[in-house]
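To keep things clear, I will list the structure first and then write my remarks on it.
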Ligand code: ADP
């Protein structure tokens, strides 16, 4: 099969979160199963800064955006260590900016225009490059209009007629909502602006377009697939997701072994695997403590957190337990950026607990790897977590995760209890109620088990021995691409053109 991936970020070109890791890995994993794949990304300033080899394809696109025509150019690169082409859509007016979606905590005001341009450019470039996809694999709101474009403006475009679409929800909380006067920017008929299609409480919703019009839907864990069909976690789209439950699957993300296995990471003080973990991890921990200006002590448990400083990630719970935790003989290292109130919290903790807490309030890929390798415990008390990659990276590095029982976290971590310890399945600690007391009781369990070095070593080993490579998940996606092909009914596009109101 021939699969075109479309995403708004992808490693190693541009990254703000887990979506980039998936977009940089899954096309290659699917290619390794014998399919032709490629990836489309916007050509942000970060892409140029990444110093990757970009070749001009010579293709110039003329994209209608509202009443204007915007010129775009297409550059080509490869995913590292592969033949998978990456097509980068360049338009400096939209993408040569600090930040991918916004700057200093504010979304760019022209995000609707930017991502209408990107999505139409992807479709036009796919046709012009004669890629002839069987399936467009779209990811999150920035690509949500593509399934609808395929059934409307582009249904007769040569080369796109037989393309189906899969839409993957990486985080339902970000929906791409714009005021209704942006409908003409999309080039779509006003007839689509109704509650069964693009309209969401008076606004234009890119996410909803993907959910309504894609042939099939996935999200990034089975538990999150169930959670988003409930009112509590459905972000207002649970009814629609329940309607489409037969087309919705949950597939857990994998780990990119080349970049996230401690066997391969060049930035580590010492590389290690499950056989050499005690020595290798000790070296990485000592390096990290030194780097952070903390006492170099192997005996003290080193807690860590990496990620967006956002309420989603459970920072209010962490704020409530931080002092209780730091009253013990522990160290805490945090890498992240986000909400100013959490920046303030962390600065205050560093100030109050010199020699115990270190925070790097910025984005550093190298440091993310070094922390995963050097820490003992990874804190991930997310209120909700579609999949979560950091707990997987922690498991791969022998860093024991502490997670809230939600989404992909509960699907990937096995809680410590006498039974799971005895049969060697335990890999981390799970708490069920999203309260600071529940989190604290779990941290007490962590401190207890830390004191039992043999049990801790078993936990580390079973986490490292679990296979989270992309191969299995990529196979599941391939099954879905096949199913989409089987299900596609050519007359559907015809029906839609006659009645733009009905999906
Ligand atoms: P989300 O996609 O919700 O942000 P995930 O756990 O799925 O959360 O993925 C986050 C990814 O982003 C991980 O690869 C993590 O290492 C990375 N990351 C997040 N914040 C930072 C940061 N400040 N510096 C480096 N990497 C970061």
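In our numbering, the protein residues as written are 11 to 513.
Just so you know, even glycine gets a beta-carbon here, dropped at the ideal spot from N, CA and C.
So who's on the other strand from residue 116, going by DSSP bridges?
As a position in the chain shown, residue 116 is number 106, starting the count at 1. Among the bridge pairs identified by DSSP, residue 116 is matched with 113.
Could you have a look at residue 23 and say whether DSSP puts it in helix, strand or coil?
Sequence index remark: in the chain shown, residue 23 carries index 13 (1-based). Collapsing the DSSP output to three states places residue 23 in coil.
Hey, would you say residue 146 sits closer than 9 Å to residue 186, going by beta carbons?
As a first step, residue 146 must be located in the chain shown, where it is residue number 136. As a first step, residue 186 must be located in the chain shown, where it is residue number 176. Going by C-beta atoms, residue 146 is not nearer than 9 Å to residue 186.
Let me know if residue 101 comes out buried or exposed under the rule of 16 or more other beta-carbons within 10 Å of its beta-carbon.
Stepping through the chain shown from its first residue, residue 101 is reached at position 91. Classification for residue 101: buried.
Is residue 395 a contact residue of the ligand ADP, with contact defined as CB to any heavy atom under 8 Å?
The residue you call residue 395 lines up with position 385 of the chain shown. Under cutoff, so the answer is yes.
Please work out which residues of its chain come closer than 7 Å, Cβ to Cβ, to residue 26, disregarding the five sequence neighbours upstream and downstream, and give them in chain order.
By 1-based counting over the chain shown, the position of residue 26 is 16. The residues 19 and 110, in chain order, have a CB closer than 7 Å to that of residue 26 in the same chain once the five nearest residues on each side in sequence are set aside.
Using a 10 Å radius around the Cβ and a threshold of 16 neighbouring Cβ atoms, would you call residue 505 buried or exposed?
As a working note, residue 505 is residue 495 in the chain shown. Annotation note: pLDDT 48 at residue 505 (below 50); position unreliable, coordinate value reported separately. Residue 505 is exposed by the Cβ-count criterion.
Does residue 100 come out as helix, strand or coil in the three-state DSSP assignment?
Mapped onto the chain shown, residue 100 falls at position 90. Correct three-state label for residue 100: strand.
Let me know the secondary structure DSSP gives residue 349 once reduced to three states.
In the chain shown, counting from the first residue as 1, residue 349 sits at position 339. DSSP places residue 349 outside both helix and strand once states are collapsed to three, so it counts as coil.
Output the boundary residues of the alpha helix (DSSP H) element that contains residue 156.
Along the chain shown, read from residue 1 onward, the residue named residue 156 stands at position 146. Residues 156-161.
Grab the span of the alpha helix (DSSP H) containing residue 236 for me, first residue to last.
Within the chain shown, the letter at position 226 stands for residue 236. Run containing residue 236: 232-237, per the alpha helix (DSSP H) assignment.
Check for me: the beta strand (DSSP E) holding residue 181 runs from which residue to which?
Numbered from its first residue, the chain shown carries residue 181 at position 171. Looking at the DSSP string, residue 181 is not in any beta strand (DSSP E), and its letter there is neither H nor E.
Starting from residue 381, trace the alpha helix (DSSP H) in both directions and tell me its first and last residue.
Mapped onto the chain shown, residue 381 falls at position 371. Residue 381 -> alpha helix (DSSP H) spans 375-384.
Once you ignore the five residues that flank residue 138 on each side, which residues in its own chain have a CB closer than 7 Å to its CB?
By one-based count along the chain shown, residue 138 stands at place 128. Excluding sequence neighbours, residue 138 sits near 69.
Let me check understanding here. Comparing Cα to Cα, which of 446, 421 and 321 lies closest to residue 263?
In the chain shown, the residue the question calls residue 263 occupies position 253. Selection 446, 421 and 321 evaluated against residue 263 yields 421 as nearest (Cα-Cα).
Taking 7 Å as the limit between beta carbons, can you name the residues of its chain near residue 434, skipping five residues before and five after?
Here residue 434 refers to the residue found at position 424 when the chain shown is read from its first residue. Taking residue 434 as the centre and dropping the five residues before and after it, the same chain places the C-beta of 468 and 472 closer than 7 Å to its C-beta, in chain order.
Coarse secondary structure for residue 503, derived from DSSP in three states:
Looking up residue 503 in the chain shown gives position 493. Its pLDDT being 48, under 50, residue 503 is placed unreliably in this model, and the coordinates cannot settle the point.
Quick one: Cα of residue 2 to Cα of residue 177, how far?
This structure cannot speak to residue 2, because the chain is shown only from 11 to 513.
Burial state of residue 277, where buried means 16 or more other Cβ atoms lie within 10 Å:
Counted from its first residue, the chain shown places residue 277 at position 267. Here residue 277 is exposed, its C-beta having fewer than 16 other C-beta atoms within 10 Å.
At a cut-off of 8 Å, would you count residue 316 as near the ligand ADP, judging by its Cβ distance to the nearest heavy atom?
If you number the chain shown from 1, residue 316 lands on position 306. Because some heavy atom of the ligand ADP lies under 8 Å away, the Cβ of residue 316 counts as near it: yes.
By DSSP's criteria, residue 147 is part of a beta bridge. Which residues make up the other side?
Taking the first residue of the chain shown as 1, we reach residue 147 at position 137. For residue 147, DSSP records a beta bridge to 15 and 176.
So with Cβ pairs under 9 Å, would you call residue 336 a contact of chain D?
Annotation note: the requested chain D is absent from the structure, which comprises a single protein chain.
For residue 95, write down the residues that DSSP places opposite it in a beta bridge.
Looking up residue 95 in the chain shown gives position 85. Within the DSSP secondary-structure output, residue 95 pairs in a beta bridge with 88.
Using a threshold of 9 Å, state whether the C-beta atoms of residue 497 and residue 259 are closer than that.
As a working note, residue 497 is residue 487 in the chain shown. As a working note, residue 259 is residue 249 in the chain shown. Not closer than 9 Å, so no.
Exposed or buried, residue 501, counting other C-beta atoms within 10 Å across all chains shown (16 or more means buried)?
Counting from one through the chain shown, the residue named residue 501 turns up at place 491. Any reading at residue 501 must be qualified, since the residue scores a pLDDT of 47, below 50, and its modelled position is unreliable; the value itself is stated next. Residue 501 should be labelled exposed.
What is the C-beta distance between residue 234 and residue 417, in whole angstroms, given that I count them as a contact (C-beta under 8 Å)?
Start at 1 with the first residue of the chain shown, and residue 234 comes out as number 224. Start at 1 with the first residue of the chain shown, and residue 417 comes out as number 407. Sure, about 4 Å apart at Cβ, within 8 Å.
6 Å Cβ shell around residue 192 - same chain, five flanking residues per side excluded:
If you number the chain shown from 1, residue 192 lands on position 182. Result list for residue 192: 122 and 214, in chain order.
Beta-carbon proximity check, residue 478 vs residue 389, cutoff 9 Å
Taking the chain shown and counting its residues from 1, the one referred to as residue 478 is at position 468. Taking the chain shown and counting its residues from 1, the one referred to as residue 389 is at position 379. The beta carbons of residue 478 and residue 389 sit no closer together than 9 Å.
Please confirm whether any heavy atom of the ligand ADP lies closer than 8 Å to the CB of residue 271.
Position 261 of the chain shown, counted from the first residue, corresponds to residue 271. No, the beta carbon of residue 271 sits no closer than 8 Å to any heavy atom of the ligand ADP.
Between residue 186 and the ligand ADP, is there a pair consisting of the residue's CB and a ligand heavy atom that are separated by less than 8 Å?
For the purposes of this step, residue 186 is taken as the residue at position 176 of the chain shown. Every heavy atom of the ligand ADP is 8 Å or more from the Cβ of residue 186, so no.
Within the present structure, is the beta-carbon of residue 30 separated from the nearest heavy atom of the ligand ADP by less than 8 Å?
Against the chain shown, residue 30 aligns to sequence position 20. Yes, the ligand ADP has a heavy atom inside 8 Å of this Cβ.
Near residue 338, which residues of its chain fall below 7 Å by C-beta distance, leaving aside the five closest residues on each side in sequence?
Within the chain shown, residue 338 is the residue found at index 328, counting from 1. Cβ neighbours of residue 338 beyond the five flanking positions: 457.
From the DSSP output, in three-state form, read off residue 344 for me.
Stepping through the chain shown from its first residue, residue 344 is reached at position 334. Correct three-state label for residue 344: strand.
Residue 273 to residue 279, Cα distance in whole Å?
Counted from its first residue, the chain shown places residue 273 at position 263. Counted from its first residue, the chain shown places residue 279 at position 269. If you draw a straight line from the Cα of residue 273 to the Cα of residue 279, it comes to about 12 Å.
Expressed to the nearest angstrom, what Euclidean distance is found between the alpha-carbon atoms of residue 419 and residue 166?
The count along the chain shown starts at 1 and reaches residue 419 at position 409. The count along the chain shown starts at 1 and reaches residue 166 at position 156. About 43 Å.
Close-in-space but distant-in-sequence residues of the same chain around residue 440 (CB under 7 Å, 5 per side omitted)
In the chain shown, residue 440 corresponds to position 430, counting from 1. Taken in chain order, the residues that qualify are 413, 415, 420, 423 and 425.
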